[in-house]
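Contents: one structure, followed by commentary.
Number of protein chains: 2
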Amino acid sequence: MGNDNCVIKKEIDIRNLYDLSELFKVFGDSTRIRIIGLLMDGEMCVYHIADNLNMNHSAISHQLRILRSAGLVRPRKDGKTVYYSLDDEHVEMIFKMGLEHIIHKNGVVEN
Amino acid sequence: MGNDNCVIKKEIDIRNLYDLSELFKVFGDSTRIRIIGLLMDGEMCVYHIADNLNMNHSAISHQLRILRSAGLVRPRKDGKTVYYSLDDEHVEMIFKMGLEHIIHKNGVVEN
DNA sequence: CCAACATATGAATATATGTTCATATGTATA
DNA sequence: TATACATATGAACATATATTCATATGTTGG
Numbered sequence: 005m006g007n008d009n010c011v012i013k014k015e016i017d018i019r020n021l022y023d024l025s026e027l028f029k030v031f032g033d034s035t036r037i038r039i040i041g042l043l044m045d046g047e048m049c050v051y052h053i054a055d056n057l058n059m060n061h062s063a064i065s066h067q068l069r070i071l072r073s074a075g076l077v078r079p080r081k082d083g084k085t086v087y088y089s090l091d092d093e094h095v096e097m098i099f100k101m102g103l104e105h106i107i108h109k110n111g112v113v114e115n
Numbered sequence: 005m006g007n008d009n010c011v012i013k014k015e016i017d018i019r020n021l022y023d024l025s026e027l028f029k030v031f032g033d034s035t036r037i038r039i040i041g042l043l044m045d046g047e048m049c050v051y052h053i054a055d056n057l058n059m060n061h062s063a064i065s066h067q068l069r070i071l072r073s074a075g076l077v078r079p080r081k082d083g084k085t086v087y088y089s090l091d092d093e094h095v096e097m098i099f100k101m102g103l104e105h106i107i108h109k110n111g112v113v114e115n
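Residue numbers (the working numbering), protein chains in the order written: chain F, 5 to 115; chain B, 5 to 115.
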C-alpha cells in the first residue's frame, strides 16, 4: 500500500472517493441514522418509523428516498403500506463499526 | 436484538446515535475523505496534503481541525511543520468498509 | 365510484457547512 | 531582531440540505 506500483488500486480510489463521501454523507444525519438503527431489528413500515422517531411522515418519506437512492434500504410493498429494510450486510457493518469507534472513544460505556 | 430485554444496549444506542451521525458526517465530505485516503498511506504534513489535493492550505487546515476534533487524525509537530496521521485502526476500517460497499454496488471495478 | 388511508413529491424556508480572504500564531534562519 | 515560512483562525459568502406544509399518487373497503 502506498507504493506507486499499485496504480490500478489508486485509480479505483480516486474514481470512487467522491462516491465514498456521498455514501457517508447519507449516514451522517441523525434522522437517517436513527432510521437505520430501527431497521437493524428488521423491516418496518413508514408509519411505524415515523411513530418511533416522533416525526412527520413526510420528513421520514423524504429521508427514506435518500436512503433508497443510496442503496442502503429496500422497500417491500404490501397493499397500502411499504415496509423498508436494510439493503445488505455492508450497511450493518458500517453502522456497527462506527458505533464501536464511538464507544471506544467514549471509554467503554457498557453499563 | 430487538427484544425489550436488551434495555441497556438500547440506552447505549439512543445515547450514541447522535454522535454516530456526527462521526459519519465527518467522513461525508469529499475533501476530508480524500485527506483520509492520503493518510491511509502514512503521515503527511499540511503542505503536502494541500499540494496533493490542489487546494488552499487554509481550507485543508480547516478540514484537519474538524478531523482532529472528531478524533480521526492526530497531529505530530516537528519544527514548523505538522504531520498528520490517522488516529486509530477504526478509521481505516470504516473507510475500507465503505469502499467495499461502493465497489460492491458498482459491480466489481478491479481493472 | 367514493371515502379513508398510507406513502410520496414539490416548493419554500431556515439552518448548516465548505471555501476563500485576511490575518494571527509560532518556528527557524540570517 | 527581522524575515521567511508553515500552519491556524475568524469572518463572510455562497451553497447544500432537512423539515414543514400543501398536494398528489396509489390502494383498500364500502
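We put the CB at the ideal spot given by N, CA and C, even for glycine.
Inter-residue spacing [alpha-carbon to alpha-carbon] between residue i and residue j
{"i": "B:E26", "j": "F:K81", "result": "32 Å"}
{"i": "F:A54", "j": "F:G32", "result": "19 Å"}
{"i": "F:T35", "j": "B:E96", "result": "25 Å"}
{"i": "B:D23", "j": "F:I106", "result": "7 Å"}
{"i": "B:L71", "j": "F:H52", "result": "36 Å"}
{"i": "F:I109", "j": "B:E93", "result": "Looking at the sequence shown, residue 109 of chain F is not Ile but Lys. Taking the straight line from one Cα to the other gives about 12 Å."}
{"i": "B:L42", "j": "B:F28", "result": "18 Å"}
{"i": "B:N56", "j": "F:I40", "result": "35 Å"}
{"i": "F:M59", "j": "F:S73", "result": "21 Å"}
{"i": "F:E104", "j": "B:E104", "result": "19 Å"}
Sequence-distant residues of the same chain with beta carbon closer than 6 Å to residue i, five excluded per side
{"i": "B:L21", "result": "none"}
{"i": "F:E114", "result": "Low per-residue confidence applies at F:E114: pLDDT is 44, beneath 50, and the placement is therefore not dependable, though the value from the model is reported in the following sentence. Closer than 6 Å at Cβ, skipping near neighbours: no residue."}
Residues sharing a beta bridge with residue i, DSSP
{"i": "B:R72", "result": "DSSP output for B:R72 lists no bridge partner at all."}
{"i": "B:T35", "result": "Answer by DSSP bridge pairing: none, since B:T35 is not bridged."}
{"i": "F:K84", "result": "Partner(s): none; F:K84 has no beta bridge."}
{"i": "B:L57", "result": "DSSP output for B:L57 lists no bridge partner at all."}
{"i": "F:M48", "result": "F:Y88"}
{"i": "F:V77", "result": "F:L90"}
Test item: CB-CB of residue i and residue j under 7 Å
{"i": "B:I98", "j": "F:M44", "result": "no"}
Close-in-space but distant-in-sequence residues of the same chain around residue i (CB under 8 Å, 5 per side omitted)
{"i": "F:V50", "result": "H61, I64, S65, L68, T85, V86, Y88"}
{"i": "F:D91", "result": "G75, L76, V77, R78"}
{"i": "B:G46", "result": "S89"}
Contacting residues, own chain, Cβ-Cβ under 7 Å from residue i (five flanking each side not counted)
{"i": "F:I37", "result": "F31"}
{"i": "B:M48", "result": "L42, Y87, Y88"}
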